[in-house]
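Undergrad: Quick note: our numbering has the sequence shown finishing at residue 103, numbered continuously throughout.
Quick reminder that beta carbons are idealized off the backbone N, C-alpha and C, glycines included.
Below is one structure. I have some questions about it.
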Amino acid sequence: MNISPKIKRIFRSRIIYVLIIFIVWMLFFDQNNWLTQLSLTRELNEAKQQEQYYKNEISSDSLKLHELETDDESVERLAREKYLMIKDDEEIFLIVREEEEK
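As structure tokens, this is what we get:
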């Protein structure tokens, strides 16, 4: 079976064109195209980073809550620092620093 070179050339070029069209279609025009997949992968990575951040925050807050539930001194320290509570015989002085103008 001897196929002429002209037919081989036509057949090869058609296959190449079909492959190029298929690749372009899959990269840019398909519903699950490459650009969409890239964007979704980026969003997934950001969501995983946020998940890890919030897990760390939950762990930190759980430790602080446990400390406040078990230690009276930590409750007193929080009340004095955050809510400016004082004992009856104490005075409190607040130093407010003005922000420097640039």
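1) For Asp72, name the three-state secondary structure that DSSP assigns.
2) Which of helix, strand or coil does DSSP assign to Gln51?
3) Output the boundary residues of the alpha helix (DSSP H) element that contains Lys7.
4) Does the Cβ-Cβ distance between Leu69 and Ser75 come in under 8 Å?
TA: According to the structure shown:
1) coil
2) helix
3) 6-25
4) yes
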